[in-house]
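*Asks:*
The following block contains the structure:
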């Protein structure tokens, strides 16, 4: 009957590729037909995410700098008592953008990405990234004390998520692509591809498996390459000067850097707690969504005016930029560069004439910079601003390290060719490590930001000490604290990364009996159902079919002790209403958490909500089945 239209069997594989399918399905077919490595598709996708994020980062940085220069010129032309106008307007504009378009664009970005990975498998709407761009520019360019790494991580993660959604990838692949975007963002904005890779692996995904590592590395490399091509340069943000490169670590300074690590660990804890305290305060006050940023901007302006008055009282030149724009406004990169310059310090008095013209250097004034930066960042982000915490941590570390360096210099505890600038540099890495608990990321970040190999050893030592101090005091880092406060479970091992990749729908489910169980049924009905269906536990529903409780096998065995009472008992008398349910949208880590809280062998699995919003029980998911699925996942990883 088919005649000329008969299709040869050897043509079928080609035709199957032409049929409408998702890109990930086509890639899977090509991989199988062409005998390619299974990870080629993710490597290619990672390159695409990195390139797109690199281009987005260039646009973001250009827009931020243009607006920042405009606002800066306007602030320099204003009298000191109008200094609050910039932060107030910027934070109000941020609040409006967040309110209208994407609530997740508020704050410092990284916790929102982590939450999307935990709760949504990496699905992030495109509007979040676009809103984050505008909101962060409004906050940072207007003088808000925040950094650019948080926004660019969220922007890159959004790019990875959107590409993953278009390609129709699996949950595991989606999480990897989100990590690709985050790594690409760090690589592009800081010109630090290695640190970007470890940021994604150590902080976001907590997964160092090869199949995750490879596409993230490719993404970071492509992002950095794109920025190099368009900018025409490959320079470190805080490139060490020739004078700083001549400062070399000696074994006699080992105790000094241990002390610096201890100090920076305490500074990191203080910064984290201050930020979280202000966030909690604003949450308790429950101010109007537009009033909160106004109060934040006013207080930030008052803090800036107080700083300017202190600088002038200490002898700063009234004509200098440092006397008219607070050093801790915006990302503070200029102040960091100044603190990293050995020419800013004088061995005899801790201050040079050149430095005094820009910013008077005394140990108490630099120590106050640490306090003011911490307060300014907390006010900016807690009141509704949008920006990162990496740059403030770098600033605090540089100021804290410089203050300690000056003190050691005055005590004669620095070598002849030593400089407080080296302690400022090492302090940056130590505070980053202490605030994030990500030691590897901090060490590699500072090495790439400065490209000074001579201080790599003290950076490693101080970063480890700071991390140990911070972890001994606080369980959570600056990113995980708000997540745990919101009730999300945060783990510390790679096991959790594996668990979060696996949906509970991949676990075998024990079907429910054909006959429903109601609270008003006699208990004898369960005994009959158990004999006919061999079901260990029973799900009880109401008249609408909604789950209301369970009768466990243990409770039934207890009731069977007194057989004479069974005809008199109802299901409601043995039903437990305190047991949680597992949803089809959950992952294995959530399922295991449900079982941890209850001594039961099984829990009900509820399906997706129907048109009326009700979730119907689909069956029973057992603890043994969940653990067996986890065991098989571990074997697949190996």
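In the working numbering, the protein residues as written are 1 to 638.
Glycine is no exception: its CB is placed at the ideal position from the N, C-alpha and C atoms.
Fair warning: this is a prediction, and the values are worked out from it, not measured in the lab.
Determine, using beta carbons only, whether residue 714 and residue 393 come nearer to each other than 8 Å.
*Replies:* Residue 714 lies beyond the range of the chain shown here (1 to 638); nothing can be said about it.
*Asks:* Closer than 8 Å by C-beta to residue 259: which residues in its own chain qualify, once you throw out the five before and the five after it? Chain order, please.
*Replies:* In the chain shown, counting from the first residue as 1, residue 259 sits at position 259. Cβ within range, chain order: 404.
*Asks:* Tell me which residue opens and which closes the beta strand (DSSP E) that residue 59 is part of.
*Replies:* Along the chain shown, one-based indexing puts residue 59 at 59. Unbroken run through residue 59 is the alpha helix (DSSP H), 40-76; no beta strand (DSSP E).
*Asks:* So within the segment 512-557, which uninterrupted beta strand (DSSP E) runs reach at least 3 residues, ignoring any that extend past its ends?
*Replies:* Those beta strand (DSSP E) runs which fall completely within the segment 512-557 and span 3+ residues are 538-541, 547-551.
*Asks:* Would DSSP call residue 90 helix, strand or coil?
*Replies:* Counting from 1 along the chain shown, the entry for residue 90 is found at position 90. It is helical.
*Asks:* Going by other Cβ atoms of all chains shown within 10 Å of its Cβ, with 16 needed for buried, is residue 373 buried or exposed?
*Replies:* On the chain shown, residue 373 is found 373 positions in, with the first residue counted as 1. That one is buried.
*Asks:* Cα-Cα, which of 575, 304, 185, 299 is closest to residue 61?
*Replies:* Along the chain shown, one-based indexing puts residue 61 at 61. Cα-wise, what sits closest to residue 61 is 185.
*Asks:* Alpha carbon to alpha carbon, what distance is there between residue 623 and residue 523?
*Replies:* What you label residue 523 is simply residue 523 of the chain shown in a count that begins at 1. What you label residue 623 is simply residue 623 of the chain shown in a count that begins at 1. Distance between the alpha carbons of residue 523 and residue 623: 25 Å.
*Asks:* What is the DSSP secondary structure of residue 335, reduced to helix, strand or coil?
*Replies:* Locating residue 335 in the chain shown gives position 335, where the first residue counts as 1. Looking at residue 335 - three-state DSSP - the assignment turns out to be helix.
*Asks:* Going straight from the alpha carbon of residue 120 to that of residue 244, what length do you get?
*Replies:* For the purposes of this step, residue 120 is taken as residue 120 along the chain shown, with counting starting at 1. For the purposes of this step, residue 244 is taken as residue 244 along the chain shown, with counting starting at 1. Distance between the alpha carbons of residue 120 and residue 244: 46 Å.
*Asks:* Jot down the residue ranges of each uninterrupted alpha helix (DSSP H) in the segment 171-241, minimum 4 residues, whole runs only, in chain order.
*Replies:* Runs of the alpha helix (DSSP H) inside the segment 171-241: 171-190, 193-199, 210-231.
*Asks:* Below 7 Å CB to CB, which residues in the same chain sit around residue 230 once its five sequence neighbours on both sides are set aside?
*Replies:* Residue mapping note: residue 230 aligns to position 230 of the chain shown, counting from 1. Closer than 7 Å at the Cβ level, and outside the excluded window around residue 230, lie 58.
*Asks:* Can you tell me whether residue 78 is buried or exposed, with buried defined as 16 or more other CB within 10 angstroms of its CB?
*Replies:* Position 78 of the chain shown, counted from the start, is the residue given in the question as residue 78. Exposed: under 16 other Cβ atoms inside 10 Å.
*Asks:* In this structure, how does DSSP classify residue 507 when only helix, strand and coil are distinguished?
*Replies:* As a position in the chain shown, residue 507 is number 507, starting the count at 1. Three-state DSSP puts residue 507 in coil, outside helix and strand.
*Asks:* Would you tell me roughly how many angstroms separate the C-alpha atoms of residue 318 and residue 327, rounded to the nearest one?
*Replies:* Here residue 318 refers to the residue found at position 318 when the chain shown is read from its first residue. Here residue 327 refers to the residue found at position 327 when the chain shown is read from its first residue. Here the model assigns residue 318 a pLDDT of 35, short of 50, so the residue's position is not dependable, and the following value carries that caveat. Going by the C-alpha atoms only, they are around 14 Å apart.
*Asks:* Taking all protein chains shown into account, do 16 or more other C-beta atoms lie within 10 angstroms of the C-beta of residue 142, making it buried, or fewer, making it exposed?
*Replies:* Here the question's residue 142 lines up with position 142 in the chain shown. Classification of residue 142: buried, given that the 10 Å Cβ count is 16 or more.
*Asks:* Is residue 386 helix, strand or coil when you go by DSSP?
*Replies:* Working through the chain shown from its first residue, we reach residue 386 at position 386. Of the three classes helix, strand and coil, the one that applies to residue 386 here is strand, per DSSP.
*Asks:* Give the secondary structure of residue 582 by DSSP, where H, G and I count as helix, E and B as strand, and everything else as coil.
*Replies:* The count along the chain shown starts at 1 and reaches residue 582 at position 582. Residue 582: strand per DSSP, three-state reduction.
*Asks:* Quick check on DSSP: helix, strand or coil for residue 560?
*Replies:* Within the chain shown, numbered from 1, the residue matching residue 560 stands at position 560. Reduced to three states, the DSSP call for residue 560 is coil.
*Asks:* Just grab the DSSP bridge partners of residue 576 for me.
*Replies:* Walking along the chain shown from the start, residue 576 turns up at place 576. Per DSSP, 550.
*Asks:* According to DSSP, is residue 250 part of a helix, a strand, or is it coil?
*Replies:* Counted from its first residue, the chain shown places residue 250 at position 250. Coil at residue 250, not helix or strand.
*Asks:* Any contact between the segment 87-104 and the segment 175-190? By contact I mean 3 or more CB pairs, one from each, below 8 Å.
*Replies:* They do not touch, by the three-pair rule.
*Asks:* Select from 501, 436, 504, 510 the residue whose C-alpha is nearest the C-alpha of residue 482.
*Replies:* Sequence index remark: in the chain shown, residue 482 carries index 482 (1-based). Nearest C-alpha to residue 482: 436.
*Asks:* Enumerate in chain order the residues of its own chain whose CB-to-CB distance from residue 549 is below 6 Å, with the five nearest sequence positions on each side excluded.
*Replies:* Stepping through the chain shown from its first residue, residue 549 is reached at position 549. Within the same chain, residue 549 has close Cβ partners 540, 575, 576, 577.
*Asks:* Since residue 149 contacts residue 330 with CB under 8 Å, what's their CB separation in whole angstroms?
*Replies:* Position 149 of the chain shown, counting from 1, holds the residue named residue 149. Position 330 of the chain shown, counting from 1, holds the residue named residue 330. Contact doesn't hold; Cβ gap of about 14 Å is too wide.
*Asks:* Can you look up residue 147 in the DSSP assignment and give me helix, strand or coil?
*Replies:* As a first step, residue 147 must be located in the chain shown, where it is residue number 147. Of the three classes helix, strand and coil, the one that applies to residue 147 here is strand, per DSSP.
*Asks:* With distances taken between CB atoms, is the gap from residue 547 to residue 606 smaller than 8 Å?
*Replies:* Stepping through the chain shown from its first residue, residue 547 is reached at position 547. Stepping through the chain shown from its first residue, residue 606 is reached at position 606. Yes, the pair counts as a contact, with Cβ atoms nearer than the cut-off.
*Asks:* Is residue 421 closer than 8 Å to residue 342 when the C-beta atoms are compared?
*Replies:* In the chain shown, the residue the question calls residue 342 occupies position 342. In the chain shown, the residue the question calls residue 421 occupies position 421. Yes.
*Asks:* Excluding five sequence neighbours on each side, which residues of the same chain lie with their C-beta closer than 6 Å to the C-beta of residue 569?
*Replies:* In the chain shown, residue 569 corresponds to position 569, counting from 1. These residues qualify, in order along the chain: 523.
*Asks:* Do residue 340 and residue 399 count as a contact pair if the criterion is CB distance below 8 Å?
*Replies:* As a working mapping, residue 399 is identified with position 399 in the chain shown. As a working mapping, residue 340 is identified with position 340 in the chain shown. No, these two residues do not count as a Cβ contact at 8 Å.
*Asks:* Indicate, with yes or no, if the ligand SAH has a heavy atom lying under 7 Å from the CB of residue 118.
*Replies:* The ligand SAH is absent from the structure shown, which contains no ligand whatsoever.
*Asks:* Can you name the start and end residues of the beta strand (DSSP E) that residue 602 belongs to?
*Replies:* Sequence index remark: in the chain shown, residue 602 carries index 602 (1-based). Counting along the chain, the beta strand (DSSP E) containing residue 602 begins and ends at 602-606.
*Asks:* For the beta strand (DSSP E) that contains residue 587, what are its first and last residues?
*Replies:* Locating residue 587 in the chain shown gives position 587, counting from the first residue. From DSSP, residue 587 is part of no beta strand (DSSP E); its letter is neither H nor E.
*Asks:* Just to confirm before moving on: does the CB-CB distance between residue 416 and residue 429 stay below 8 Å?
*Replies:* Walking along the chain shown from the start, residue 416 turns up at place 416. Walking along the chain shown from the start, residue 429 turns up at place 429. No.
*Asks:* Taking the Cβ atom as the reference point for each residue, do residue 108 and residue 388 lie within a distance shorter than 8 Å?
*Replies:* Within the chain shown, numbered from 1, the residue matching residue 108 stands at position 108. Within the chain shown, numbered from 1, the residue matching residue 388 stands at position 388. It is a contact, given that the beta carbons lie within the stated cut-off.
*Asks:* Near residue 537, what residues of its chain come up, given a Cβ to Cβ distance below 8 Å and the 5 sequence neighbours on each side ignored?
*Replies:* Taking the chain shown and counting its residues from 1, one reaches residue 537 at position 537. Contacts found: 550, 551, 552, 553, 600, 601, 602, 620.
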